[in-house]
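A short worksheet on the structure shown next.
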């Protein structure tokens, strides 16, 4: 099974990326955010309309690595039968300084092509990871916004 994996390089520093992944999630992923994402044991929820993910921080090594465990989730897409496929999956973020740039790698363990949501989630991750990169470089991301 091949887990979802994505990486990019950026001119942002490890500090800026780590800060975006811990205290600035509403700026690049979803403005509908509650909870805390700074330290091991913290929990947060991001919502995308009727879809949500509740995540616990399992490990936090400042400016180097974060490990998230999805504790609860509902992917509310009418054509999808299994809407809780993220539950108990692990999202691992690795930050590495390389010369004059920083490399961010994310692996979503448990999000595999066999999952019903894989194609939709793969597109979603790529959209929001590009938003994260843009936010880290310009302080302007493209998060999900709540309908007015």
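Numbering (the working numbering), first residue to last: -8 to 139. Note that the Cβ used here is the ideal one computed from N, Cα and C, for glycine as well.
Specify, as a first and last residue, the run of the beta strand (DSSP E) that residue i falls within.
| i | result |
| --- | --- |
| residue 0 | -5 to 1 |
Within this structure, are the beta carbons of residue i and residue j separated by less than 7 Å?
| i | j | result |
| --- | --- | --- |
| residue 36 | residue 26 | yes |
| residue 1 | residue 117 | no |
| residue 77 | residue 44 | yes |
| residue 48 | residue 31 | yes |
| residue 149 | residue -3 | The structure shown does not extend to residue 149, since the chain is modelled only from -8 through 139, so no value can be given for it. |
Residue i and residue j look like a contact to me (Cβ under 8 Å); what is the Cβ gap, rounded to whole Å?
| i | j | result |
| --- | --- | --- |
| residue 19 | residue 134 | 5 Å |
| residue 9 | residue 68 | Going by Cβ atoms, the distance from residue 9 to residue 68 rounds to 31 Å, so no, they are not a contact pair. |
| residue 29 | residue 84 | At roughly 14 Å, the Cβ-Cβ gap does not stay under 8 Å, so residue 29 and residue 84 are not in contact. |
| residue 97 | residue 82 | 7 Å |
| residue 39 | residue 21 | 6 Å |
Across which residues does DSSP place residue i in a beta bridge pair?
| i | result |
| --- | --- |
| residue 135 | 21 |
Give, in chain order, every unbroken run of the beta strand (DSSP E) that is at least 3 residues long and sits entirely within the region 54 to 124. 56 to 65, 81 to 89, 92 to 100
What ranges does the beta strand (DSSP E) occupy inside the region 7 to 59, keeping only unbroken runs of at least 3 residues that lie completely in it? 24 to 26, 34 to 39, 42 to 52
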